[in-house]
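Residue numbers (UniProt numbering): 1 to 232. Every residue gets a Cβ at the ideal spot worked out from N, C-alpha and C, and that includes glycine. A quick write-up on the structure given underneath.
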Ligand SMILES: [Zn+2]
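Printed below as a string of structure tokens:
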């Protein structure tokens, strides 16, 4: 398989085998909360302590998690593929970076980031964030996790669309196909001429938009796919 520019979209499914759950899982952190309460600007305004506690717990959990074979395989692809490999992730964990990937765009933010709601200053989040924390730039107690919540604009969209336009191969791994705009990336990439592949535990909501699909555990099908790309 020859593909100079490879764009990879990753979702919660790639981190599930590293022990990080999502709001669609039963049990776990998300199950104890309503999405509206912990993943919207309105929820944060209503109860910042609850929201900080929730992300503090997710941050602690993600720091204990380790990359699995799928993350490792994608880092190897970036290191060994002769063309460009870019990862667009919906995940807020740092497992791609922990595995060694360099070109990672966190469209939904990251747990290790802090953001000032007043002045937009960004810095590294401490392990535990509190509503009373002061922004190091403007001094206001308006710090929040640097996470894109429901109803907010994802990050780096111009850059992501540019990558999709330039893509020869677009691969979505472990995504539900339910969250936009990421769910439409396959159509964007296809329109600009990329071959499209879904790698997933089960078919996503947008499976019919993909030219090719493989199903199984990410830790098995992603390394196998990477071997094919590097060997072809
Ligand atoms: Zn500030």
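(message) Can you find the residues in the same chain that come closer than 7 Å, C-beta to C-beta, to residue 179, ignoring five residues on each side of it along the sequence?
(response) Indexing the chain shown from 1 puts residue 179 at position 179. Same-chain partners within the cutoff: 90.
(request) Please check the pair residue 187 and residue 158, which I expect to be a contact at CB under 8 Å, by giving their CB distance rounded to whole angstroms. (result) In the chain shown, residue 187 corresponds to position 187, counting from 1. In the chain shown, residue 158 corresponds to position 158, counting from 1. Wrong, their Cβ atoms sit about 18 Å apart, outside the cutoff.
(request) Would you kindly report the start and end of the unbroken alpha helix (DSSP H) that includes residue 56? (result) By 1-based counting over the chain shown, the position of residue 56 is 56. Start and end: 48 to 64.
(request) Would you tell me roughly how many angstroms separate the C-alpha atoms of residue 1 and residue 212, rounded to the nearest one? (result) As a first step, residue 1 must be located in the chain shown, where it is residue number 1. As a first step, residue 212 must be located in the chain shown, where it is residue number 212. For residue 1, the pLDDT reaches just 48, beneath the cut-off of 50, and the residue's location in the model is therefore unreliable, although a value from the coordinates is still provided. Cα-Cα distance, rounded: 13 Å.
(request) Name the two residues that bound the continuous beta strand (DSSP E) containing residue 105. (result) Taking the chain shown and counting its residues from 1, one reaches residue 105 at position 105. 104 to 106 is the span of the beta strand (DSSP E), which, as asked, contains residue 105.
(request) Would you mind sorting residue 160 into buried or exposed? The rule is 16 or more other CB atoms within 10 Å of its CB. (result) For the purposes of this step, residue 160 is taken as the residue at position 160 of the chain shown. So residue 160 counts as buried.
(request) Go ahead and label residue 59 buried or exposed: buried means 16 or more other beta carbons lie within 10 angstroms of its beta carbon, across all protein chains shown. (result) Mapped onto the chain shown, residue 59 falls at position 59. The residue in question, residue 59, is buried, as its Cβ has 16 or more Cβ neighbours within 10 Å.
(request) Ignore the nearest five residues each way along the sequence and tell me which others in residue 67's own chain have a CB closer than 6 Å to its CB. (result) Counting from one through the chain shown, the residue named residue 67 turns up at place 67. Same-chain partners within the cutoff: 95, 98 and 99.
(message) Within 8 Å, do at least three Cβ pairs link the segment 32 to 46 to the segment 149 to 156?
(response) yes
(request) Examine ligand 1 and report whether any of its heavy atoms sits within less than 7 Å of the Cβ of residue 118. (result) Position 118 of the chain shown, counted from the start, is the residue given in the question as residue 118. Correct: residue 118 has its Cβ closer than 7 Å to ligand 1.
(message) Does the distance between the C-beta of residue 140 and the nearest non-hydrogen atom of ligand 1 fall short of 7 Å?
(response) Reading the chain shown from its first residue, position 140 is the one you call residue 140. Residue 140: yes, Cβ under 7 Å from ligand 1.
(request) Please report how far the alpha carbon of residue 134 lies from the alpha carbon of residue 101, in whole angstroms. (result) Position 134 of the chain shown, counted from the start, is the residue given in the question as residue 134. Position 101 of the chain shown, counted from the start, is the residue given in the question as residue 101. The straight-line gap from Cα to Cα measures roughly 32 Å.
(request) Using beta-carbon positions only, say whether residue 222 and residue 199 come within less than 8 Å of one another. (result) For the purposes of this step, residue 222 is taken as residue 222 along the chain shown, with counting starting at 1. For the purposes of this step, residue 199 is taken as residue 199 along the chain shown, with counting starting at 1. Annotated as proximal: residue 222 and residue 199, with beta-carbon spacing under 8 Å.
(request) Could you name the residues that DSSP lists as bridge partners for residue 87? (result) For the purposes of this step, residue 87 is identified with residue 87 of the chain shown, where counting begins at 1. Its beta-bridge partners are 8 and 104.
(request) Under 8 Å by Cβ, that's how I've got residue 132 and residue 111 pegged, so tell me the actual separation to the nearest angstrom. (result) As a first step, residue 132 is located in the chain shown; it is residue number 132 there, counting from the start. As a first step, residue 111 is located in the chain shown; it is residue number 111 there, counting from the start. Rounded, the Cβ-Cβ distance is 20 Å, inconsistent with contact.
(request) Alpha carbon to alpha carbon, how far is residue 117 from residue 143? Give it in angstroms, no decimals. (result) Against the chain shown, residue 143 aligns to sequence position 143. Against the chain shown, residue 117 aligns to sequence position 117. Roughly 6 Å between the two C-alpha positions.
(message) Counting C-beta neighbours from all protein chains within 10 Å, is the total for residue 227 16 or more, i.e. buried, or is it exposed?
(response) Position 227 of the chain shown holds residue 227. Residue 227 is exposed by the Cβ-count criterion.
(request) Taking 8 Å as the cut-off, decide whether the C-beta atoms of residue 245 and residue 70 are in contact. (result) Not covered by the structure: residue 245. The range shown for the chain is 1 to 232.
(message) My assumption, with CB atoms under 8 Å, is that residue 197 sits in contact with residue 86. Please give the rounded CB distance.
(response) Looking up residue 197 in the chain shown gives position 197. Looking up residue 86 in the chain shown gives position 86. Actually they are not in contact, since the Cβ atoms of residue 197 and residue 86 sit about 15 Å apart, beyond 8 Å.
(message) DSSP has residue 299 in a bridge; who is on the other side?
(response) Lying outside 1 to 232, the shown extent of the chain, residue 299 is not represented and no answer is given.
(request) Spatial neighbours of residue 56 within its chain, please: CB distance less than 8 Å, with the 5 preceding and 5 following residues excluded, ordered by chain position. (result) Counted from its first residue, the chain shown places residue 56 at position 56. Around residue 56: 127, 128 and 129.
(message) Can you tell me whether residue 33 is helix, strand or coil according to DSSP?
(response) Numbered from its first residue, the chain shown carries residue 33 at position 33. Three-state result, residue 33: coil.
(request) Note down the Cα distance separating residue 45 from residue 33, rounded to an integer number of angstroms. (result) On the chain shown, position 45 is the one that residue 45 refers to. On the chain shown, position 33 is the one that residue 33 refers to. When rounded, the distance between both Cα atoms is 16 Å.
(request) Give every residue of the same chain whose Cβ lies closer than 6 Å to the Cβ of residue 115, excluding the five residues on either side of it in the sequence, and list them in chain order. (result) Residue numbering aside, residue 115 sits at position 115 when the chain shown is read from its first letter. 122, 144 and 146, listed in sequence order.
(request) Return the CA-CA distance between residue 80 and residue 225, expressed in angstroms with no decimal places. (result) Here residue 80 is taken as the residue at index 80 of the chain shown, counted from 1. Here residue 225 is taken as the residue at index 225 of the chain shown, counted from 1. Cα to Cα, residue 80 sits roughly 14 Å from residue 225.
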